[in-house]
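Chemist: Sequence lines, in order, name chains A and B.
Quick note on this note's numbering: the first sequence kicks off at 6 and runs consecutively.
Quick note on this note's numbering: the second sequence kicks off at 6 and runs consecutively.
Here it is: the structure, laid out below.
There are 2 protein chains.
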Amino acid sequence: MQNDSQILKPQAAPLMLGLAGFGTVGSGLIRILEENREAIIRRVGRDIRIKTILVRDPGKTRACAMPEGARFCGSREELLNDPEIEVVVELMGGLDAAGALIRAALAAGKHVVTANKALLAEAGNELFTLAQDKGLFLGYEASVCGGVPVVQALRSALSANEFSSLTGILNGTCNYIISSMTINGTSFDCALKQAQELGFAEADPTLDIGGFDTAHKLILLVRLAWGVDYPYAELPVTGIRSISPDDIQFAREFNYTIKLLGRARRDANGRIEAGVFPAMVPTSYLLARVGSSYNAVRLEGNAVGSIFMHGKGAGDTPTGSAVAADIMEIARGDRPNNLGYNLRGLPPADIVPTEEAISSFYIRLRVKDRIGVMRDVATVLAEHRISIQQALQKGTDDIVSLIFMTHACKTKDVIGALAKLAAMDFMGAEPVYYRVLPPPCGD
Amino acid sequence: MQNDSQILKPQAAPLMLGLAGFGTVGSGLIRILEENREAIIRRVGRDIRIKTILVRDPGKTRACAMPEGARFCGSREELLNDPEIEVVVELMGGLDAAGALIRAALAAGKHVVTANKALLAEAGNELFTLAQDKGLFLGYEASVCGGVPVVQALRSALSANEFSSLTGILNGTCNYIISSMTINGTSFDCALKQAQELGFAEADPTLDIGGFDTAHKLILLVRLAWGVDYPYAELPVTGIRSISPDDIQFAREFNYTIKLLGRARRDANGRIEAGVFPAMVPTSYLLARVGSSYNAVRLEGNAVGSIFMHGKGAGDTPTGSAVAADIMEIARGDRPNNLGYNLRGLPPADIVPTEEAISSFYIRLRVKDRIGVMRDVATVLAEHRISIQQALQKGTDDIVSLIFMTHACKTKDVIGALAKLAAMDFMGAEPVYYRVLPPPCGD
Numbered sequence: 006m007q008n009d010s011q012i013l014k015p016q017a018a019p020l021m022l023g024l025a026g027f028g029t030v031g032s033g034l035i036r037i038l039e040e041n042r043e044a045i046i047r048r049v050g051r052d053i054r055i056k057t058i059l060v061r062d063p064g065k066t067r068a069c070a071m072p073e074g075a076r077f078c079g080s081r082e083e084l085l086n087d088p089e090i091e092v093v094v095e096l097m098g099g100l101d102a103a104g105a106l107i108r109a110a111l112a113a114g115k116h117v118v119t120a121n122k123a124l125l126a127e128a129g130n131e132l133f134t135l136a137q138d139k140g141l142f143l144g145y146e147a148s149v150c151g152g153v154p155v156v157q158a159l160r161s162a163l164s165a166n167e168f169s170s171l172t173g174i175l176n177g178t179c180n181y182i183i184s185s186m187t188i189n190g191t192s193f194d195c196a197l198k199q200a201q202e203l204g205f206a207e208a209d210p211t212l213d214i215g216g217f218d219t220a221h222k223l224i225l226l227v228r229l230a231w232g233v234d235y236p237y238a239e240l241p242v243t244g245i246r247s248i249s250p251d252d253i254q255f256a257r258e259f260n261y262t263i264k265l266l267g268r269a270r271r272d273a274n275g276r277i278e279a280g281v282f283p284a285m286v287p288t289s290y291l292l293a294r295v296g297s298s299y300n301a302v303r304l305e306g307n308a309v310g311s312i313f314m315h316g317k318g319a320g321d322t323p324t325g326s327a328v329a330a331d332i333m334e335i336a337r338g339d340r341p342n343n344l345g346y347n348l349r350g351l352p353p354a355d356i357v358p359t360e361e362a363i364s365s366f367y368i369r370l371r372v373k374d375r376i377g378v379m380r381d382v383a384t385v386l387a388e389h390r391i392s393i394q395q396a397l398q399k400g401t402d403d404i405v406s407l408i409f410m411t412h413a414c415k416t417k418d419v420i421g422a423l424a425k426l427a428a429m430d431f432m433g434a435e436p437v438y439y440r441v442l443p444p445p446c447g448d
Numbered sequence: 006m007q008n009d010s011q012i013l014k015p016q017a018a019p020l021m022l023g024l025a026g027f028g029t030v031g032s033g034l035i036r037i038l039e040e041n042r043e044a045i046i047r048r049v050g051r052d053i054r055i056k057t058i059l060v061r062d063p064g065k066t067r068a069c070a071m072p073e074g075a076r077f078c079g080s081r082e083e084l085l086n087d088p089e090i091e092v093v094v095e096l097m098g099g100l101d102a103a104g105a106l107i108r109a110a111l112a113a114g115k116h117v118v119t120a121n122k123a124l125l126a127e128a129g130n131e132l133f134t135l136a137q138d139k140g141l142f143l144g145y146e147a148s149v150c151g152g153v154p155v156v157q158a159l160r161s162a163l164s165a166n167e168f169s170s171l172t173g174i175l176n177g178t179c180n181y182i183i184s185s186m187t188i189n190g191t192s193f194d195c196a197l198k199q200a201q202e203l204g205f206a207e208a209d210p211t212l213d214i215g216g217f218d219t220a221h222k223l224i225l226l227v228r229l230a231w232g233v234d235y236p237y238a239e240l241p242v243t244g245i246r247s248i249s250p251d252d253i254q255f256a257r258e259f260n261y262t263i264k265l266l267g268r269a270r271r272d273a274n275g276r277i278e279a280g281v282f283p284a285m286v287p288t289s290y291l292l293a294r295v296g297s298s299y300n301a302v303r304l305e306g307n308a309v310g311s312i313f314m315h316g317k318g319a320g321d322t323p324t325g326s327a328v329a330a331d332i333m334e335i336a337r338g339d340r341p342n343n344l345g346y347n348l349r350g351l352p353p354a355d356i357v358p359t360e361e362a363i364s365s366f367y368i369r370l371r372v373k374d375r376i377g378v379m380r381d382v383a384t385v386l387a388e389h390r391i392s393i394q395q396a397l398q399k400g401t402d403d404i405v406s407l408i409f410m411t412h413a414c415k416t417k418d419v420i421g422a423l424a425k426l427a428a429m430d431f432m433g434a435e436p437v438y439y440r441v442l443p444p445p446c447g448d
């Protein structure tokens, strides 16, 4: 019996795809299906072919050649009315056209694979219910952390856990900018410009640096980890624009690294506290070691303990790797439950208001260097029940930086104290505060 | 439609399990199924119950209470003849009895979930073929890296990749011992004793510290990544006994950390070079940061780039988490392909003989401190085509340490050179050599 290897099932007809969008990820997918064709057939038992590609402008120059046997089309209907096409791969991005395509594809009985985190964050509950009612697969492994297999892990291999928290570096552009500021000591604007020149950031970087892309992905992770629908519009989101080289330097002095995190926790009452914000991460955390444009997720489950996954979160073939994996599930005949729950539609999340969230904080004030300022600041903090763990004054100009690391306190107390301080006449700039992650407990 | 959540399918009859073995992992599984019962039902749509537990000694004290409604049995037949039991969970360990149980369970038409890496490494090709012929699921997520979802990732979410290498810290006991030697500067014997006192190492630690447990897991990873059967008996295995505090100190001076690795690469001709050995890992690698008894795997795929996964590789509920996930797949009605290939039995691996493997090496010699030794050593190395990258002499006793970091060379040349050196009259101890991993390329 040993090593008596045989093909299990004779090769079936190719699985035919209709692809919508021929940009970075579309090109990556095409390359993977070409270059790894033999390996893919060896795994799933049939070929996977792109038949039709929906694009607005067939004349545009693309990053790779048209796949053999494929043709362009200009209308959704051409994809959807083709009975040979079993799977619609949506890689157009955006909300309206992509949403309309996915709804129509599901209505036409076609499986859908997408990398569209924005759409799934905003309309996921509706789209997953549509897919479920039709018994169709709506694959979205590529929509969180590109090639890092976190969607499948949450849906399946880690699904025996009750999760207490999940923390992710979910946006490569932001991590590239912050890492570059950390290593080179450059300003935010400088690092952003460099990231744009190298292709790590868009010309309009708002979606990334505003934290909104991270927020989309966090909504999907919350849905997978806890089986609840957290409305995207209610998620508190802070981007990275306010981070100064000073903050990074101060963080280092306290043994922390600044990262933009998407983070969610569930409390003992099942309430979800979630948000996107720059945070001080202890340097001993693996999360603090995530450099360049890499992504990572740390999950904390009551059975498994902490799980950390790290890899490329964007780019042509890393994201294409996840798209192709979802397509291969369909080619194999597997029909995984899209969300991993025995539910049609998810119930709304019971949300902890941000102001109630408890954390340690880093507070940075720019103040005029004169007598009594420290006393006044300390008085305001004390009035707001904020206990100081460490303090640091730096600078020799008229304006100096006052840095505080607090003990755990309520976010609303910090917001209240900083609002009061902002109005005082010794303040030289808007106060800044970031959360501080607790030191790791043996992991 | 938003938030209109309904139960998808009415609750089916519970999935009934027969459990073989009530040790650490068995207790962990029982606790997970009890404590997370509600969450599990919410995910899979039915309860999961342990009906019968096969043990040798029902009177023995266990780490947790008998699950409600379960009973002990003393013979395999009682499990296998019970038509209500759909899944046999094999957590006895060992080869013969466990193998006989799994064969009989598959023959009786029952799905099998196991954490038995030794058995699957030695008899996997036979057992997977048996399961396939019967259309049964043989789940083994728990057999590699405990709760870290690497089996599923290789079988599915990363399966569009051609892998070039995989590198793992796969044994928590060894990593605990090496980490403890690294942090505390203690000797191997001391660190082993401490690990035994803390329950991280068995009374007879041979399976772990000899590298054999790592080897079992590596065989399973090679099977998943490349769809080939690498005979366990042919895998070169070096354990951690020869590591001295000196080696760890020297490694640090060269910016490396010593780790016991299971590592496999595939060359351009599809040949597999695999082995278990202590290696110098550049400190900038995430693998170098894996502390205590944690496990980690780094995969390199042609589409996804590098993926790194980290978590608890052993212990009651971390391993139980993976066992429970496999059981949940069965409860959902999913029947993933056990190996992820459209093959009945895997073909044999085309193996690169260890001696042909090319690597940089760390070489440590203990030599008598006298004139001409360095010249003689350097001559022997040159005769064997070994080019020295860095050299270091340390020590003030009669016997000093000579350390070399080489450029890339053939393993057989190192073995040849050290055999010649070992016979020389100035040698104070057996020469030691470890591989050196190349520095990371941007990851």
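The beta-carbon is built from N, C-alpha and C at its ideal position, and this holds for glycine as well.
1. Do you know offhand how far S192(A)'s Cα is from R375(B)'s?
2. Check distances from the C-beta atoms of the segment 89-117 of chain A to those of chain B and list, in chain order, the residues that come in under 8 Å.
3. Assuming V227(B) and I174(B) make a contact with CB atoms under 8 Å, what is their CB distance in whole Å?
4. How about L370(A) and P436(A): do their beta carbons lie closer than 8 Å?
5. Under the rule that 16 or more other beta-carbon atoms within 10 Å means buried, what is S298(A), buried or exposed?
6. What does a CB cutoff of less than 7 Å around S184(B) pick up in its chain, not counting 5 residues either side in sequence?
7. To which residues of the same chain is P15(A) closer than 7 Å at the C-beta, ignoring the five residues directly before and after it?
8. Give, in chain order, every residue of the segment 136-153 of chain A whose Cβ lies closer than 9 Å to some Cβ of chain B.
9. The segment 18-39 of chain B: which residues have C-beta closer than 7 Å to a C-beta of chain A, in chain order?
10. What residues from chain B crowd round Q11(A), counting only those whose CB sits closer than 8 Å?
11. Along chain B, in chain order, which residues have C-beta atoms closer than 8 Å to that of R81(A)?
12. Taking the continuous alpha helix (DSSP H) assigned at I107(A), which residues delimit it?
13. Which residues bound the beta strand (DSSP E) around E305(A)?
14. Just how far apart, CA to CA, sit Y346(B) and Y145(B)?
15. In chain order, what residues of the same chain lie with their CB nearer than 7 Å to the CB of R390(B), ignoring the 5 residues before and after it?
16. 8 Å is my cut-off, CB to CB: does K14(B) come that close to chain A?
17. Return the residues of the segment 166-187 of chain A that lie within a Cβ-Cβ distance of less than 8 Å from chain B, sorted by chain order.
18. Alpha carbon to alpha carbon, how far is V372(B) from G433(B)?
19. Are the Cβ atoms of R54(B) and P88(B) separated by less than 8 Å?
20. For Q398(A), does the count of other Cβ atoms within 10 angstroms reach 16, so buried, or fall short, so exposed?
21. Cα separation between R61(A) and T243(A)?
22. Rounded to whole angstroms, what is the Cα-Cα separation between T384(A) and F259(A)?
23. If V441(B) and S364(B) are in contact, beta carbons under 8 Å, what's the gap, nearest whole angstrom?
24. Strictly under 8 Å for the Cβ-Cβ distance: is L203(B) near chain A by that measure?
25. Would A25(B) and V92(B) qualify as a contact pair, given that the criterion is a beta-carbon distance under 8 Å?
26. Near T29(B), what residues of its chain come up, given a Cβ to Cβ distance below 6 Å and the 5 sequence neighbours on each side ignored?
27. Applying a beta-carbon distance threshold of less than 9 Å, which residues of chain B neighbour N41(A)?
28. In three-state terms, what does DSSP make of Q16(B)?
29. Starting from K457(B), trace the alpha helix (DSSP H) both ways and give me its first and last residue.
30. How long is the line joining the alpha carbons of L292(A) and Q199(B), rounded to whole angstroms?
31. Quick one: complete beta strand (DSSP E) runs, 3+ long, within the segment 377-440 of chain B?
32. In terms of residues, what are the limits of the alpha helix (DSSP H) holding S185(B)?
33. I want to see whether chain B comes within less than 8 Å of L124(A), judged by CB atoms only; does it?
34. For V49(B), collect the residues of the same chain with a Cβ closer than 6 Å to its Cβ; drop the 5 residues on either side in sequence, then sort them by chain order.
35. Out of I46(A), I35(A) and F27(A), state which residue places its alpha-carbon closest to the alpha-carbon of P63(A).
36. Out of Q394(A), N121(A), A123(A) and A136(A), which one is the CA nearest neighbour of A109(A)?
Modeler: Here's the rundown:
1. 57 Å
2. none
3. Wrong, their Cβ atoms sit about 16 Å apart, outside the cutoff.
4. yes
5. buried
6. G296 and S297
7. none
8. Q137, E146, G151, G152 and V153
9. I37
10. L348, R349 and G350
11. Within chain B, no residue comes near R81(A); the closest Cβ sits about 22 Å away, beyond 8 Å.
12. D101 to A112
13. Y299 to G306
14. 15 Å
15. C414 and D418
16. yes
17. N166 and E167
18. 5 Å
19. no
20. exposed
21. 34 Å
22. 23 Å
23. 7 Å
24. no
25. no
26. D321
27. A165, N166, E167, N307 and A308
28. coil
29. Because residue 457(B) is not part of the residues shown, which for chain B are 6 to 448, the question remains open.
30. 29 Å
31. 393-399 and 404-411
32. G177 to N189
33. no
34. M333, A336 and R337
35. F27(A)
36. A136(A)
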